[in-house]
Each structure stands twice: as C-alpha cells, then as structure tokens.
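The opening position of the sequence shown corresponds to residue 37 in the working numbering, with each subsequent residue numbered one higher.
Think of the CB as a built atom: it goes at the ideal place given N, C-alpha and C, for glycine as much as any other residue.
Written out below as structure tokens is the structure these notes cover.
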Amino acid sequence: MPSRSTPERARTRRAATLALVLASSLLGGCGALVVGGITVGAAALYDRRPYYVVIDDQQIEMNAISAIQQDRELQDHARISVTSYNYTVLLTGQAERAELAQRAADKVRRLAKVQRVVDEITIGPRVSLARKSEDAYLTSRVKLALTKVDLEDFDATRVKVISEDGVVYLMGLVSPAEADAATEKARYVRGVKRVVKLFEYRPTGN
C-alpha cells in the first residue's frame, strides 16, 4: 500500500488537531482563579514538554492558587489567573493596587520549581463577567485559527492560549518559524487587542 503524501499527512494532522482543539474548548471552565490545565488531557500526548514537566506545571499552578487564596486581601481585592508552562508562570488578571499585584508575584516566585514569573496583572477594577465570557470565546477562536497554520509538523495543541481583557498570550516550545506563524494567525482574529509572545524556542527539526 503506497504511503500518503506529505500534503495528505498534513491535512490529516490538521483535522485531528482541530477535533482536539474543539474538544478541549468544550471542556474548558472558568473561576475567580483560572488554572491553565489541572488534569493531563489528550493534548499531553502531543506536548513537547516531558511528561514529568507537564505534571510539575500543574502542581505549580495548584500551589500558586493555594498561596493566593490564603491571602484574604488578594481574595477580596484582586482576580488573578495562573498559567504555568515549562516552569514559567504567567499571572494575568486585575488587582486594585500595585502592591497587591507585586505581593501575588512574590508569592509565586517563592514556590518550588518556578524559574520565571511573568507579571501581567493590570491595576484596576475586576473585569465584568461579560468580558470574561468574551475572553473565553476569544481563546477558542484563536485556538481554531492556529489549526490553519500551514507548517509541516505544526500542532496547534502545542501552543497554550490565554486571553485576558482582549490581550492574547501565547506560550509553548516552538521553533521561531512556528512562533511567527502562530502570532500572525492570532493577530488577525477578531477581538484581539494585542498578542504577547511568551514562547520558548527549540532548534528546528527537534
């Protein structure tokens, strides 16, 4: 039986990725403290992180949430989302005062295995429930757009997408070409105000 051509393999891969992206979007949730991914799902099969790093990132997220929840002032005057990818922790959301955002970032920096904290917490009132719903929908649209990246071996599930008040953050272990292509797709999704690249780069071909 003849082997499938490269374009056929690429189309098959994109179709499988699209199905996985849609499934993960349907399973998504929301809350005052948002976790990038508590359980290891089907997407982990294609993850470029070693399995133990995926588990470590989940533990970091849970530990960060616990540290923030134990601070009553942060609970009452901030809404902070936590996403860990390859030991880099992204903090998004809102805090009523700058010192609260700094306090949250300091708590996370002290956690075991955290190598870097990216503090993107904005100072001001919490966003509305409607805005949070729009961000969730925006994330799903960006994920869908990434399935249309036309690069061999590109897998949209390897890019973690976080949306906060219309700003889209992209994380993942990718090549420079993959990062540029993913960023370009995300930029033109309706509703995206700005795209922030937080990728880690890997050598092409690995």
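Of all the options Leu-180, Ala-213, Pro-212 and Val-197, which has the alpha carbon lying nearest to the alpha carbon of Arg-230?
Val-197
Assuming Thr-124 and Leu-234 make a contact with CB atoms under 8 Å, what is their CB distance in whole Å?
7 Å
Can you tell me whether Ser-199 is helix, strand or coil according to DSSP?
strand
Three or more beta-carbon pairs under 8 Å between the segment 123 to 137 and the segment 154 to 170, yes or no?
yes
Using only the alpha-carbon positions, how far apart do Leu-180 and Val-90 sit?
23 Å
Inter-residue spacing [alpha-carbon to alpha-carbon] between Ala-137 and Ala-114:
8 Å
Segments of 4+ residues assigned as alpha helix (DSSP H) that fall wholly inside the segment 158 to 235:
165 to 182 and 212 to 223
In angstroms, rounded to a whole number, what distance separates the CA positions of Leu-147 and Pro-212?
30 Å
Can you have a look at Cys-66 and say buried or exposed, based on whether 16 or more other CB atoms are within 10 angstroms of its CB?
Note that Cys-66 scores a pLDDT of 40, beneath 50, so its modelled location is shaky; the value from the coordinates is reported in the next line. Classification of Cys-66: exposed, given that the 10 Å Cβ count is below 16.
The alpha helix (DSSP H) spanning Ala-137 covers which residue range?
134 to 145
DSSP-derived helix/strand/coil call for Tyr-237:
strand
Between Glu-200 and Asp-171, which are expected to be in contact by the criterion C-beta below 8 Å, what is the C-beta distance as a whole number of angstroms?
6 Å
Could you please give me the residues that DSSP links to Ser-117 through a beta bridge?
Thr-128
Can you check DSSP and say which residues form a bridge with Asp-155?
Leu-127
Alpha helix (DSSP H) segment containing Leu-103, residue limits
The sequence shown places Ala at residue 103, rather than the Leu named in the question. It spans 87 to 105 - the alpha helix (DSSP H) in which Ala-103 sits, taken as one unbroken run.
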